[in-house]
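Engineer: Take this structure first; my questions come after.
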DNA sequence: GCCGGATATTTTGCATTCATTTTTTGGAAG
DNA sequence: CTTCCAAAAAATGAATGCAAAATATCCGGC
């Protein structure tokens, strides 16, 4: 039974927001599907990316697949070895350090820009999420906390009103998603409390539209997140 | 009939230059060559990217060319219209605004990281370039000043010691290179003096390894650059 | 002379094919 | 049993082929 590419997409299950919009072209759709396929960990770190198998999986020929692989390589998600195919890129501790810092820089920028243009409604929404997150924190609900945390950071980036920033941020987020740092707070209760306090200051600075201050706080917040991740994972 | 790309291509002279350029792989070499070809303005803004002509120009078939086009589209240098081919992406004022701000955010990050790890020798080198630039400023040597200016900003990014940051920065710089020169100080002597003074404060903050402060200064420096560019180009 | 529609040409997107290169397999020597 | 080397098999990188879509050209009507 041959399954079509679109059927395969449907099988992916509950995917984030962008799954709802139909793919403008085959290439674009394949790119998204393949990126998700890799980011979600369907291939082991450093594993060879099997062209043949993926062609069958997505019911396409090698040409569009290889086009997508080149793009993913340019994004840094995989690496292409001449005549030796594509491999899922392994993130060294150095890579993780770099990614965290750049993410921190971009969030710092997002905070600064958000202070310039965020509306009261947008701020109220973030404030609401913050309170939700606090409740998760009090209940020691790690999963709910983490979800809220992600949503808040994402909302700050969105509030910056800069599509280029959002795209760059999303690309780096995809690269680092394979590193499971979400569970790290469980092993470090002190860090969890500290992170919660940092979020209080984030909200406060955003309320006061203190761009420069928020920029500093966000960078240091990410820096501390990195340190916690390195301490537990490294 | 509108201007033909072939005319533009013919003006370039003999093609073999790219073929002679040594490259690890055909794809990688072609990608670099094609990116330069577009960034250097060999194709008009919004112009169609002629697959067939470029294949002849670079002596390759359509397959590797199209792979390169997909990558350049992902980088934001061109845009792909379904069934209508690739076009050189035109930068709207909004795009330019976004790019300047993200560049500012990345430079702010670079300054902060540079303060953490720059060596005395690296700082001395930047200081030397700064003094060179000041001499160009005094002599009203726009070209020399601009070159030095670029080198200083590039050195700060390099001193950050973050390859991911450097790659992201380079990608955005390529996208904006077409309009970067329109931020011409020649039409705005006041801005030139202001920029020079800002560079003094940049060097001062870097000397004191004042990361947070330097971060602010660099972002605002880019923000002012953006305003100057918008004032002269808009 | 200008416009609208049908046809011819070009272009695009993808599949397939072909030449190399790499990897695996098989077996003989030590 | 291990090691080395040669042949087979598979994978990669790039060229070509082909159907569909878009663009250009031509021609009749107003």
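Residue numbers (the numbering used here), protein chains in the order written: chain A, 13 to 246; chain B, 13 to 246.
The beta carbon of each residue, even a glycine, is placed where N, CA and C say it ideally should be.
Tell me which same chain residues have a C-beta within less than 8 Å of the C-beta of residue 90/A, skipping the five on either side of it?
Structural biologist: Contacts found: 50, 61, 81, 84, 98, 99, 100 and 101.
Engineer: Can you tell me which of 118/B, 110/B, 119/B and 54/B puts its alpha carbon nearest to the alpha carbon of residue 239/B?
Structural biologist: Here the closest residue by C-alpha is 110/B.
Engineer: Once the 5 residues before and after residue 137/A are set aside, which same chain residues still bring their CB inside 8 Å of it?
Structural biologist: Cβ neighbours of residue 137/A beyond the five flanking positions: 167.
Engineer: Please name the residue in 40/B, 52/B and 42/B whose C-alpha comes closest to that of residue 185/B.
Structural biologist: Of 40/B, 52/B and 42/B, the residue nearest in Cα terms is 52/B.
Engineer: Can you list, in chain order, the residues of the stretch 207-234 of chain B whose Cβ is nearer than 8 Å to any Cβ on chain A?
Structural biologist: Against chain A - using a Cβ distance shorter than 8 Å - the residues of the stretch 207-234 of chain B are 224, 227, 228 and 231.
Engineer: For the beta strand (DSSP E) holding residue 133/B, just list the boundary residues, first then last.
Structural biologist: Taken as a continuous stretch (DSSP letters only), residue 133/B belongs to no beta strand (DSSP E), being part of the alpha helix (DSSP H) at 132-150.
Engineer: Could you tell me which of 56/A, 141/A, 176/A and 119/A sits nearest to residue 190/A, measuring between CA atoms?
Structural biologist: Nearest of 56/A, 141/A, 176/A and 119/A to residue 190/A, Cα basis: 56/A.
Engineer: Counting only Cβ pairs nearer than 7 Å, list the residues of chain A close to residue 174/B.
Structural biologist: Simply 110, 113 and 114.
Engineer: On the criterion of 16 or more Cβ atoms from any shown chain inside 10 Å, does residue 75/A qualify as buried, or is it exposed?
Structural biologist: So residue 75/A counts as exposed.
Engineer: For a cutoff of 8 Å on Cβ pairs, would you count residue 142/A as touching chain B?
Structural biologist: Not closer than 8 Å to any Cβ of chain B, the Cβ of residue 142/A fails to qualify, so no.
Engineer: Closer than 8 Å by beta-carbon distance: list the chain A residues that pair up with residue 87/B, in chain order.
Structural biologist: Under the 8 Å cutoff, chain A gives 86.
Engineer: Please compile the residues from chain B whose C-beta is within a distance smaller than 7 Å of the C-beta of residue 83/A.
Structural biologist: The contacting residues are 82, 83 and 86.
Engineer: Who are residue 100/A's beta bridge partners in DSSP?
Structural biologist: 90/A.
Engineer: What residues of chain B sit near residue 124/A, judged by a beta carbon separation below 8 Å?
Structural biologist: By Cβ distance, chain B contributes 117 and 231.
Engineer: With a threshold of 16 other CB atoms inside 10 Å of the CB of residue 33/B, please say whether the residue is buried or exposed.
Structural biologist: At residue 33/B, the pLDDT of 41 sits below 50, so the modelled position is not reliable and the matter cannot be decided from this model.
Engineer: Once DSSP output is grouped into helix, strand and coil, what is the label at residue 220/B?
Structural biologist: DSSP places residue 220/B in coil when its eight states are reduced to three.
Engineer: Any idea if residue 227/A is buried or exposed, counting beta-carbon neighbours within 10 angstroms, 16 or more meaning buried?
Structural biologist: Buried, because 16 or more other Cβ atoms sit within 10 Å of the Cβ of residue 227/A.
Engineer: Under DSSP, the alpha helix (DSSP H) around residue 107/A begins and ends at which residues?
Structural biologist: Run containing residue 107/A: 105-129, per the alpha helix (DSSP H) assignment.
Engineer: Is residue 78/A helix, strand or coil by DSSP?
Structural biologist: The answer is helix: DSSP assigns residue 78/A an H, G or I state.
Engineer: Going by the beta-carbon positions, is the gap between residue 122/B and residue 163/B smaller than 8 Å?
Structural biologist: No, Cβ-Cβ distance for residue 122/B and residue 163/B is not below 8 Å.
Engineer: Does residue 37/A get closer than 8 Å to chain B when you measure Cβ to Cβ?
Structural biologist: Chain B contact via Cβ: present.
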